[in-house]
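Those protein sequence lines, which keep their order, are chains A and B.
Take the numbering used here: the last position of the first sequence gets the number 366, and nothing is skipped along the way.
Take the numbering used here: the last position of the second sequence gets the number 366, and nothing is skipped along the way.
Glycine is no exception: its CB is placed at the ideal position from the N, C-alpha and C atoms.
Below is one structure; the comments refer to it alone.
2 protein chains.
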Amino acid sequence: MSFCDLALDCVTQLQPYVPGKPIEELERELGVTNIVKLASNENPLGPSDKVLAAITEASKDLTRYPDGNGFTLKSALADKYQLNVDQITLGNGSNDVLELIARTFVSPNNEVLFSQYAFAIYPLVTQAIGAKAVIAPARDYGHDLQAMSTLITDKTKLIFIANPNNPTGTYLVADELEAFIAQVPQQTLVVLDEAYVEYGDLDVNTIDWLEKYSNLIITRTFSKAYGLAGLRVGYALSHLEVADLLNRIRQPFNVNALALASAAVALKDDAYIAQTKQLNKQGMAQLIAGFDRLALSYIPSKGNFITVDVQRNAEEVFSGLLHQGVIVRPVGNYGLPQHIRVSIGLEEENQRFLDALTTILGKIS
Amino acid sequence: MSFCDLALDCVTQLQPYVPGKPIEELERELGVTNIVKLASNENPLGPSDKVLAAITEASKDLTRYPDGNGFTLKSALADKYQLNVDQITLGNGSNDVLELIARTFVSPNNEVLFSQYAFAIYPLVTQAIGAKAVIAPARDYGHDLQAMSTLITDKTKLIFIANPNNPTGTYLVADELEAFIAQVPQQTLVVLDEAYVEYGDLDVNTIDWLEKYSNLIITRTFSKAYGLAGLRVGYALSHLEVADLLNRIRQPFNVNALALASAAVALKDDAYIAQTKQLNKQGMAQLIAGFDRLALSYIPSKGNFITVDVQRNAEEVFSGLLHQGVIVRPVGNYGLPQHIRVSIGLEEENQRFLDALTTILGKIS
């Protein structure tokens, strides 16, 4: 007997999400040092002193369980967004929240709708339940909301929309997005995944929509602009009743004590966010100028990354860059076999990448 | 329309796990200070300097995602237990691992078997799937393995055994336990939850059983003797194929970067474990002597806690203790309405509890 026979079919069919290579692992594998990692859309600024101080303080109590209700962090979020604290569901990264939403509402005979080229976790959480993933064709690498509308059926329980989208960086303007949400049937939940919202400079506060659309769930994260990827904190903002359901299935201590303490401090650090956005803007311009010099086309991005068409097998380019100590992300698994996604780093990191890319492209025709 | 109508039935029927009250929350509620918390079986020693140093070091990189494969920690575990690294599944606390096991193997038409008075997470993970919980009556507050055997059916997919058990502290001797495991049908998985194993001084290395019984999964945690409850690290040791399945459904970054770094250091800190066990032994003797003086009977425990029969409504005793700034755990939710569970603390904390208990029992008849 095989244990695969004992497991649920939906689990045996899962291909696990492949994270970007950690720097230590690559150093081990290739015997290289001084590596530049531009693979996981991380904040290149490093942690703020305020966060480090919060960790030191909270560490004193780390033999104690975290606050399972996340009182301090949830209060800070409620305050910032002018919401009821009970509209918030904390997650171990927004990944956790996305999974909780699916596990709360989706059964194997439901459909989950999302776009081609959308974030890889959407098909994974759908498959883990054994529900049907319905994938709307993209328009210019981004969400085609009209195409998505036509694919909504009686069975559609959940729609995932990433804005800005990862890995393409595409974004939807507020009017178009709101018009879409407004026509989604009440029994279908819309998850608006705003992991990159801080970079987007969008023209509307989408959180105001929660009052109008009770089937809307907004997810956000501390892993990107807030610079806490290593700590895993994400959250959902929703109707009270939705949050109550999500919190029933949530593991009581899903966000750890140092993560809770850090996020509460990071949330109030407007200077860090401003510096992050400024650095990102400059780095984006630097990379675009480099791609223009190399005559490479790219997908215009509102994220902290940009996806570029390298006009040849992207795995080879990825591998060539690796051997020069630069880690980026090939996106063949997204159906983009000639593109690589590169995160915006510090100026010198971006330059290392552009120099290495120039060398590699000269070698691979 | 209610969102409850949209959610899965198994979710709407869930009563969330109620964690012990965090100290800050109690201070807020009651306006008391100098609180002694003996409610969550936490290590009263506080974090070791080695762990604090590991956190400071790892914090430098916290804008980076954790290593999704947990290479360093898994290597350290494999080394310690002489296992293949691919037999290990890391979890965000062992709670996470227990849930992953259920979600990988249990479908709504399966049965999950565990004992009366066993850990509250077992019914929760069973309900979250909508499977049938089969509860074997206890013997002397502990697992009655004979009764459990008779309840195994074709539908039994999973058996949870906690040894030592929480909240009763009862334990099974190795021979009896192994004989039980040996006769469980191959298509039924046995989860041996050893969260408290370090306190138990058991007479056998259960990890050796993994070679003999491929349907055995052992779970352990860093939250108890290792003193990392705030960081959430647990793990499962199993057959390779079982671990492969669990890792498919595991969220790639379920254990955060500071947790991974701390656990790898804590695992090697034998002196901390020795000190922890010594303190626990002394504290256990101190509490037992106190209960004897008060003529209260208790359940003999191999954990870092002891459950005592207060001979009256335990909620009232709990509440009385709370107002004296001592937090313990009433276990009415486990079907023990006259018992409270108290964690072993520092000598002065244990004394505060005994003094407060003496006062309270004098007031409540």
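DSSP places Lys158/B in the uninterrupted beta strand (DSSP E) bounded by Thr157 to Ala163. Measuring C-alpha to C-alpha distances from Asn351/B to each of Gln283/B, Lys364/B, His340/B and Val318/B identifies Gln283/B as the nearest. DSSP, read as helix, strand or coil, puts Asp310/A in strand. In this structure the segment 60-75 of chain A lies against the segment 38-52 of chain B, because at least three pairs of beta carbons, one per stretch, are closer than 8 Å. In the displayed model, Val98/A falls within a helix according to three-state DSSP.
Residues Pro338, Gln339 and Ile365 of the same chain have their beta carbon placed closer than 8 Å to that of Asn314/B, with the five preceding and five following residues left out of the count. When Leu362/B, Tyr123/B and Asp245/B are compared, the shortest CA-CA separation from Gln325/B is found for Leu362/B.
Straight-line measurement puts the Cα of Asp97/A at about 29 Å from the Cα of Thr189/B. Residues of chain A whose Cβ lies closer than 8 Å to the Cβ of Ser3/B are, in chain order, Glu242.
Asn334/A counts as exposed, since fewer than 16 other C-beta atoms from the protein chains shown sit within 10 angstroms of its C-beta. Around the Cβ of Asn164/B, a 10 Å sphere holds 16 or more other Cβ atoms; the residue is buried. Listed in chain order, the beta strand (DSSP E) elements of length 3 or more contained wholly in the segment 154-208 of chain A are 157-163 and 190-194.
In terms of Cβ geometry, Thr64/A and Asn35/B do not form a close pair [threshold 8 Å]. Here the segment 253-273 of chain B makes no contact with the segment 171-179 of chain B; the two share fewer than three CB pairs at distances below 8 Å. Between Phe254/A and chain B, the shortest Cβ-Cβ separation is below 8 Å. Apart from the 5 residues on each side of it in sequence, Ser116/B sits with its Cβ closer than 6 Å to the Cβ of Ala137, Ala139 and His144 in its chain, given in chain order. Take the alpha-carbon of Val185/A and the one of Ile160/A: they are about 9 Å apart. Rounded to whole angstroms, Gly291/A and Phe354/A show a C-alpha spacing of 10 Å.
Around Tyr227/A, the same chain offers Ala267 as residues with beta carbons nearer than 6 Å, after the five sequence neighbours per side are excluded.
DSSP places Gln339/A within a strand segment (E or B) once states are collapsed to three. Note that the C-beta distance between Gly94/A and Ser224/A is below 8 Å. No Cβ of chain A is located within less than 8 Å of the beta carbon of Pro168/B. By the neighbour-count definition (other C-beta atoms within 10 Å, threshold 16), Lys213/B is an exposed residue. Gly304/B carries a coil assignment under DSSP once its states are collapsed to helix, strand and coil. Ile307/B has its alpha-carbon roughly 13 Å from the corresponding atom of Tyr172/B. In the structure shown, Leu238/A falls within a strand segment according to DSSP collapsed to helix, strand and coil. Under a 10 Å Cβ-count criterion, Pro168/B is classified as buried, with 16 or more other Cβ atoms of the shown protein chains found around its own Cβ. Of the candidates Leu323/B, Pro331/B and Thr359/B, Thr359/B places its Cα closest to the Cα of Ala296/B.
Straight-line measurement puts the Cα of Val309/B at about 6 Å from the Cα of Arg342/B. Note that the C-beta distance between Tyr200/A and Gly304/A is below 8 Å. Setting aside the 5 residues that flank it on each side, Thr154/B is surrounded in the same chain by Glu112, each with a C-beta closer than 7 Å to its C-beta; the list follows chain order.
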